[in-house]
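Just so you know, the working numbering puts the end of the sequence shown at 443, numbered straight through with nothing missing.
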Amino acid sequence: MGPHPAVAAIRLAVRRVLHDILNDHTSGEIPGRTAERPPSPLVLVACSGGADSMALASALAFEAPRLGIRAGGVTVDHGLQAGSDLRADEVALRLRGLGLDPVESVAVTVGREGGPEAAARDARYAALDAVSERHGATAILLGHTRDDQAETVLLGLARGSGIRSLSGMAAVSGAGGRYRRPFLQLDRQTARKACMVQALPVWDDPHNADPAYTRSRLRHEGLPALEKALGKGVVEALARTAQLSRDDADALDSWARQAEGSVRDGSGLLECAKLYALPPAVRRRILRRAAIDAGAPAGALFARHIEEVDRLITGWRGQGAINLPGKVVAQRQGGRLVIRQG
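Now the structure itself:
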């Protein structure tokens, strides 16, 4: 008899990602020269102790040795709850119990910029990047599920941030494709079931049920209300929307990169007449990239900012400079668009 269907599903998802990592890792080998073979890659799992990441850790511990991949783990203590340090140590102990090595517990200081959820996320990814660099890890697996993807799409829709926000989380992201999300096609219940049948202890973060957090309200109130009004299948439909939106956004980004060189003059300044001739979706991508290159923080640069800059091209009435995040200023000068630190 094989493993429980839930366990089989999480292992298959992880196995596919590990095969991709292995193929990427060995693509630089020189055929017939075994001396050139790179060392066995190290893959880490980011684990909070919740059902999703514990299921992921167990699947990684099972699959990695079978593919000749080293497997380790990392848990991040955000310091936002009493006893969080002890809980992080307990999670690290569980990861070692699964046979993962190396395993690290990392404490971070969460700031305030962008709100509590964004600040915690920024601190967490900075810590994961540092651990990955320290150990020379090839990849870090994240336990985001299809349910998380649906929530991310709805949050992007509520912000009105455009098609890129609707594309949700990428299966592969980060510098050099560092972050991998094997569970984006699996629901949260499958991960929880896999933990239950394997008798894996899990920790339910009280923040996930705290209505003070936007994602928590969406999870416990918003999505259930949508499913009640529209019927089952909302989560799956939102996840499909994410993939379709990502394909479209990637195509538009590629178009914008190709078009950017043609709308700059000899000194590198953006020419307003040439920008005006581009489709709005392409033009605004070029403007956003120019603002970020000038020093505007990507996370603080919203659609309304780009719309204001766009009006310097499409609705020019002699208006003054536009102030952007990061002390960046955009202004029109002699038919050119100048975006620079103020």
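Even for Gly, the Cβ is constructed at its ideal location relative to N, Cα and C.
For E205, the first and last residue of its enclosing beta strand (DSSP E): In the sequence shown, the residue the question calls residue 205 occupies position 104. That run of the beta strand (DSSP E) goes 204–208.
Proximity below 8 Å, CB of R197 to CB of E164: Sequence index remark: in the sequence shown, residue 197 carries index 96 (1-based). Sequence index remark: in the sequence shown, residue 164 carries index 63 (1-based). Not a contact, by the Cβ cut-off of 8 Å.
Beta-carbon contacts of V383 that lie in its chain and below 8 Å, excluding the five residues immediately before and after: Translated into positions along the sequence shown, residue 383 becomes position 282. Contacts found: L353, W356, A357, A360.
Residue(s) in a DSSP beta bridge with L425: Sequence index remark: in the sequence shown, residue 425 carries index 324 (1-based). V429.
CB of L145 within 8 Å of CB of V209, strictly: Stepping through the sequence shown from its first residue, residue 145 is reached at position 44. Stepping through the sequence shown from its first residue, residue 209 is reached at position 108. No, these two residues do not count as a Cβ contact at 8 Å.
Which listed residue (V298, R320, Q286) has its alpha carbon closest to that of L256: Here residue 256 is taken as the residue at index 155 of the sequence shown, counted from 1. Checking every option, the nearest Cα to that of L256 belongs to R320.
Presumed contact (8 Å Cβ cut-off) between V175 and L119, rounded CB distance: Here the question's residue 175 lines up with position 74 in the sequence shown. Here the question's residue 119 lines up with position 18 in the sequence shown. That pair is no contact at about 17 Å.
Rounded C-alpha distance that separates V364 from V336: For the purposes of this step, residue 364 is taken as residue 263 along the sequence shown, with counting starting at 1. For the purposes of this step, residue 336 is taken as residue 235 along the sequence shown, with counting starting at 1. Cα to Cα, V364 sits roughly 41 Å from V336.
Reduced DSSP secondary structure (H/G/I, E/B, other) of V254: Here residue 254 refers to the residue found at position 153 of the sequence shown. Correct three-state label for V254: helix.
Outcome for A193 when other beta-carbon atoms lying within 10 angstroms are tallied against a minimum of 16: For the purposes of this step, residue 193 is taken as the residue at position 92 of the sequence shown. By the neighbour-count rule (16 or more Cβ atoms within 10 Å), A193 is buried.
Cβ-based burial, G150 [other Cβ within 10 Å; buried from 16]: On the sequence shown, position 49 is the one that residue 150 refers to. Its Cβ being crowded by 16 or more others within 10 Å, G150 is buried.
Other residues of its chain near R134: CB distance less than 6 Å, five sequence neighbours each side excluded: Along the sequence shown, one-based indexing puts residue 134 at 33. Because the pLDDT of R134 is 48, which lies under 50, any placement of that residue in the model is unreliable, and the number read from its coordinates should be weighed accordingly. Contacts found: none.
Buried versus exposed, by CB contacts within 10 Å (16 or more), E234: The count along the sequence shown starts at 1 and reaches residue 234 at position 133. Classification for E234: exposed.
Own chain, CB closer than 8 Å to L379, minus 5 neighbours either side, in chain order: For the purposes of this step, residue 379 is taken as the residue at position 278 of the sequence shown. These residues qualify, in order along the chain: A360, V364, I387.
Buried or exposed (CB count within 10 angstroms, at least 16 for buried), K333: For the purposes of this step, residue 333 is taken as the residue at position 232 of the sequence shown. With fewer than 16 other Cβ atoms within 10 Å, it is exposed.
Same chain, Cβ closer than 7 Å to R341, five either side skipped, listed in chain order: In the sequence shown, residue 341 corresponds to position 240, counting from 1. Excluding sequence neighbours, R341 sits near nothing in its chain.
Through-space distance from L324 to D178, alpha-carbon basis: To locate residue 178, count along the sequence shown from 1; it is residue 77. To locate residue 324, count along the sequence shown from 1; it is residue 223. Going from the Cα of D178 to the Cα of L324 covers about 29 Å.
Residues of its chain near R293, where Cβ-Cβ distance is below 6 Å and the 5 sequence neighbours each way are ignored: Taking the first residue of the sequence shown as position 1, residue 293 is located at position 192. Correct list, in chain order: A152.
Residues that DSSP places opposite E372 in a beta bridge: Counted from its first residue, the sequence shown places residue 372 at position 271. According to DSSP, E372 bridges with R437.
Run of the beta strand (DSSP E) containing I241, from where it starts to where it stops: To locate residue 241, count along the sequence shown from 1; it is residue 140. Looking at the DSSP string, the run of the beta strand (DSSP E) that includes I241 is 240–242.
Alpha-carbon to alpha-carbon, K375 and D190: Along the sequence shown, read from residue 1 onward, the residue named residue 190 stands at position 89. Along the sequence shown, read from residue 1 onward, the residue named residue 375 stands at position 274. Their Cα atoms are separated by approximately 58 Å.
For Q442 and A395, believed in contact at Cβ under 8 Å, the rounded distance: Here residue 395 refers to the residue found at position 294 when the sequence shown is read from its first residue. Here residue 442 refers to the residue found at position 341 when the sequence shown is read from its first residue. That belief holds up - the Cβ atoms of A395 and Q442 are roughly 6 Å apart, short of 8 Å.
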